[in-house]
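Protein sequence lines, in the order shown, are assigned to chains A and B. Residues in the first sequence are numbered from 4 upward in steps of one, following the working numbering. Residues in the second sequence are numbered from 31 upward in steps of one, following the working numbering.
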Amino acid sequence: MRLKLVPDETSFDFFGRWKLWLGISALMVVIGFASFALQGLNFGIDFRGGTTIRTQSTQAIDVGVYRDAIAPLGLGDVTITEIFDPTFGPDENVAMIRIQAQDEAEAVSAETIAAVEAALAATTPDIEFVSVESVGPKVSGELIQTAVLAVSLAILSVLVYIWLRFEWQFAVGAVAALIHDVVLTIGVFSELQIRFDLAIIAALLTIVGYSLNDTVVVFDRVRENLRKYKKMELKDLLNLSINETLSRTLMTSLTTLLALISLYVLGGDVIRGFVFAMIWGIIVGTYSSIFVASTILLWLGVKRDWSKPTNTTGNQFADIDA
Amino acid sequence: MLQIDSWKRVLVLLVCVAGLLLALPNAFYTRVEQSNDARAAIEVQGETAELTEAAGQWPSWMPSSLVNLGLDLRGGAHLLAEVQVADVYEARMDAMWPEIRNALRGERDTVGTIRKQPSPGDEIRIKISKPEGMARALEVVRGLGRPIQTLTGAGSNDIEVRGTGDEIVVTLSEAEKLATDDRTVRQALEIVRRRIDEVGTREPTIQRQGADRILIQVPGIGSAGELKEIIGTTAQLTFNPVVSRGTDAEARAEVGQKVIPALDQQGVFYTVEAAPVVTGEELVDAQPAFDQNGRPAVNFRFNTSGARKFGDYTRDNIGAPFAIVLDNEVISAPVIQSHIPGGSGIITGNFTVEESTNLAVLLRAGALPAGLEFLEERTIGPELGQDSIDAGKVATVVAFVAVLGFMWASYGLFGIFANVALIINVGLIFGLLSVIGGTLTLPGIAGIVLTVGMAVDANVLIFERIREELKTAKGPARAIELGYEKALSAILDANITTFITAVILFAMGSGPVRGFAITLGLGILTSVFTAIFVTRLLVVMWFERRRPKTIEV
């Protein structure tokens with residue numbers, strides 16, 4: 004007996020309440036924006052400069068003691084958090100100390116770091132500093148710019164690619180879905196105040212790629228069906244296309260999620276935020292390729308005469324030599 | 031109907047075998063690494079029994095390229111340094127002043143007396159007492175300019191000279207600044223590389239980034255601070271004429287002079303001419319040595335032009351002291367006893383043997399032409415890296431098993447075909463990574479896990495399509511063929527778009543993010559290859575043997 008996520012034939016009506024779905028999405032996007040505007044992101048040092056020190060010791064960590072040890076150094080804003088993780092051994096006690104940037108261009112000086120390390124070593128003799136990272140505000144500013152540029156460039160190039168391969172309405176639908184995914188991901192990071200660093204940008208771009216993957220598969224079927232059923236109502240045609248690809252959409256999302264969840268649970272705390280972003284993005288991306296991209300396509304309408312191109316990969320430029 | 035040419039079959043099989051063979055060394059990482067190290071050592075220092083044994087751990091006819099582990103996995107230090115290119119302008123201007131002074135003195139009748147005015151380091155301001163001679167003065171100073179020998183700056187001069195009232199202002203031209211910046215960064219890069227090589231660590235990455243930055247990554251080093259010490263920040267050696275010696279740090283210095291402290295005598299300050307007689311750049315050799323009293327010292331030798339300048343200066347200034355200045359501290363200020371024509375000499379001071387050795391190394395490696403400012407520093411301990419590798423391994427295996435099981439449960443025999451392809455796929459990723467010398471980072475491992483999840487997508491698309499085609503009852507062979515044919519456009523479009531984002535990530539990202547982009551991008555290539563060619567070959571071979579009347583996907 005085969006495992007089947009969805010029956011062979013489905014005929015869910017995805018557009019019966021399209022206004023509702025689009026409304027929910029719009030609301031979520033607004034909430035995401037609002038959260039971002041109100042409390043902002045919990046930027047990591049990659050984006051706002053400063054130093055993080057990861058400590059490890061066999062003794063239980065008392066954040067207060069650490070704080071008292073560092074306070075006399077007068078380093079301004081210092082955040083200390085203890086980290087718990089199922090992959091840690093019984094006597095692995097890990098803490099993360101974040102110190103704000105101290106000067107305008109350079110990363111925190113070696114002396115400052117040495118002073119902090121000495122102060123901590125005085126409280127906990129067997130403390131180890133397993134990683135020390137510091138980023139100067141000059142670089143972090145540029146990293147933000149590059150990150151924004153990368154995400155915009157990715158979305159833009161996708162817009163162009165889909166436009167060339169399909170029609171502009173498809174491109175708009177796909178890009179709306181992408182922006183939806185990106186905004187919701189940033190929104191969840193701001194709402195939960197998860198640390199947002201450079202790796203999250205990589206996750207965002209992967210989400211862009213993934214969500215698109217899903218959208219393109221649905222659109223590819225729409226394009227095929229547009230040739231096949233010339234007289235069918237667009238709404239029914241979209242519904243049919245989504246139903247036909249539904250089993251694949253869920254299969255792929257599920258295998259990807261399986262892989263990511265194992266990484267989330269077992270991959271250690273260093274990349275947990277990154278994996279969380281991707282898990283969230285895949286859920287949102289799957290949703291958006293059905294409820295956002297296709298709905299917008301329905302809303303914009305689409306060229307119905309696809310009879311000219313003769314090959315299966317025809318695009319709008321295929322007519323030129325016809 | 032479902033035919034694949036024999037040559038295509040052979041080719042696909044060959045690619046898979048080659049990929050897996052190339053990936054194989056990574057399964058025995060430590061052993062292959064030791065063997066590679068030993069071979070490299072044998073090449074340098076000849077064979078010893080120990081090295082031969084170490085080299086023998088991995089057969090030499092097997093591929094031995096390994097995936098580089100990123101700093102976040104291996105541990106080590108990462109520095110992003112900005113070269114303070116503007117430092118050089120000041121040195122250039124300082125060096126130019128005596129030349130300008132001499133030229134203008136020759137024109138005293140038309141321009142009158144000249145006086146250097148205080149100014150920012152990157153320009154020289156000269157006041158002349160006869161402003162009516164300005165035209166002639168400008169002409170003379172402009173005559174000192176040299177044409178620039180670069181492609182972009184062709185035809186322009188290295189200095190810009192303008193007159194305002196009774197002042198002449200000399201600055202470097204924009205084209206010359208660009209050319210100088212480029213030279214400075216290259217030089218700094220080379221010197222950083224030499225210094226790190228002197229210490230002899232494994233596979234350091236030393237790259238230029240953008241116009242004026244240098245990225246330095248050294249695996250296996252204790253901390254970024256240690257790395258900074260190796261690089262040193264300036265280590266600028268100069269020989270300057272001494273004007274006076276005193277104990278006042280705030281001593282008044284004439285324009286063109288500066289006050290600097292002595293290295294080993296507390297509270298002693300020297301006033302020296304800012305323009306050096308010779309700089310460390312003209313050194314060709316430096317060796318630790320001992321002076322006639324048996325104290326540690328450093329022997330040095332200048333190149334021809336340095337030797338001439340040094341010789342001329344010592345001939346003209348017998349009896350006067352001159353200062354050996356390292357990083358703005360006077361190491362020693364000996365009195366010139368005699369004309370030193372050969373261009374070699376000895377630096378003595380209160381050195382220990384270790385200090386004199388280090389100084390010799392620093393001098394030999396050459397001075398950094400400009401200071402470095404460190405914008406980003408990261409140290410990752412080896413334990414953290416090892417923890418990440420271990421966690422990554424477990425996560426990958428679990429992800430793998432989950433996906434394999436899931437595919438088998440969903441597609442039965444076809445699922446197993448997809449699973450074989452998936453295993454080959456991961457092998458190919460590692461094989462490719464080894465060949466191109468890519469770096470595996472922690473996000474890179476995430477990229478592989480993600481690929482494991484997504485790689486089945488192409489197969490899922492095909493299998494779902496075959497299922498659909500089966501419903502229209504065309505017979506299994508036709509259904510399989512149509513399944514592959516019709517799924518192709520979706521597979522390509524979907525993967526090309528993801529590939530575009532991987533390329534953008536690679537182009538814009540750095541370090542770990544770039545590692546992620548590489549595995550993601552390679553994963554897309556290999557997963558498309560395995561889905562379109564490998565599973566298809568498996569399916570076709572199975573179909574040819576069994577000739578089933580019906581199939582269940």
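Every residue gets a Cβ at the ideal spot worked out from N, C-alpha and C, and that includes glycine.
Counting only runs that start and end inside the stretch 122–172 of chain A, the beta strand (DSSP E) elements of at least 3 residues fall at 131–138. By the C-beta density criterion, residue 37 of chain B is exposed, having fewer than 16 other C-beta atoms within 10 angstroms. Judged by their CB atoms, residue 488 of chain B and residue 499 of chain B are not nearer to each other than the 7 Å cut-off. The DSSP assignment places complete alpha helix (DSSP H) segments of no fewer than 4 residues inside the stretch 546–579 of chain B at 565–576, in order along the chain. Scanning its chain for C-beta atoms nearer than 7 Å, with the 5 sequence neighbours on each side dropped, one finds around residue 390 of chain B the residues 316, 317, 318 and 328, in chain order. Here the C-alpha atom of residue 287 of chain A lies approximately 9 Å from the C-alpha atom of residue 210 of chain A. Interface criterion met: the Cβ of residue 483 of chain B is under 7 Å from a Cβ in chain A. With a 10 Å radius around the Cβ and a threshold of 16 neighbouring Cβ atoms, residue 247 of chain B comes out buried. Leaving aside the five residues that flank residue 414 of chain B on each side, none in its chain has a CB nearer than 6 Å to its CB.
Between the stretch 219–236 of chain A and the stretch 169–183 of chain A there are three or more C-beta pairs closer than 8 Å, enough to call the two in contact. At least 7 Å separates the beta-carbon of residue 70 of chain B from that of residue 81 of chain B. Along the stretch 415–429 of chain B, the positions whose C-beta sits under 7 Å from a C-beta of chain A are 417, 418, 421, 422, 424, 425, 428 and 429, read in chain order. Taking the Cα positions, residue 466 of chain B is about 39 Å away from residue 130 of chain A. When beta bridges are read from the DSSP output, residue 287 of chain B appears opposite B:303. If you check the CB distance, residue 460 of chain B and residue 205 of chain B do not come in under 7 Å. In this structure the stretch 352–366 of chain B does not touch the stretch 278–285 of chain B; the number of beta carbon pairs closer than 8 Å is below three. Put simply, the backbone Cα of residue 310 of chain B is about 38 Å away from that of residue 48 of chain A.
Under the Cβ distance rule, residue 400 of chain B does not count among the residues neighbouring chain A, no pair being separated by less than 7 Å. Counting the other Cβ atoms within 10 Å of the Cβ of residue 22 of chain A gives fewer than 16, which makes it exposed. Closest in alpha carbon position to residue 239 of chain B, among B:462, B:83, B:111 and B:136, is B:111. Boundaries of the alpha helix (DSSP H) around residue 39 of chain B: 36–53. Relative to residue 562 of chain B, the option among B:511, B:551 and B:537 whose CA is nearest is B:511. When Cβ-Cβ separations below 7 Å define contact, residue 476 of chain B makes contact with chain A. Three or more Cβ pairs closer than 8 Å define a contact, and the stretch 421–437 of chain B falls short of that threshold against the stretch 541–559 of chain B. For a Cβ distance threshold of 8 Å, nothing in chain B lies close to residue 73 of chain A: the least Cβ distance comes to about 18 Å. DSSP places residue 123 of chain B inside the alpha helix (DSSP H), whose first and last residues are 116–135.
Judged by DSSP secondary structure, residue 139 of chain B falls within the alpha helix (DSSP H) whose first and last residues are 138–141. Per DSSP, the beta-bridge partners of residue 374 of chain B are B:331. For residue 270 of chain B, the three-state secondary structure derived from DSSP is strand. Residue pairing from DSSP leaves residue 434 of chain B without any beta-bridge partner.
Within the DSSP bridge table, the entry for residue 113 of chain B names B:402 as partners. Beta-bridge pairing by DSSP links residue 276 of chain B to B:299. DSSP places residue 228 of chain A in the helix class (H, G or I) of the three-state scheme. Inclusion of residue 470 of chain B and residue 97 of chain B in the CB contact set at 7 Å is warranted, their separation being smaller than that value. For the stretch 559–578 of chain B, the set of residues with a beta-carbon nearer than 9 Å to any beta-carbon of chain A is empty. Closest by C-alpha distance to residue 458 of chain B, out of B:574, B:314, B:482 and B:476, is B:482.
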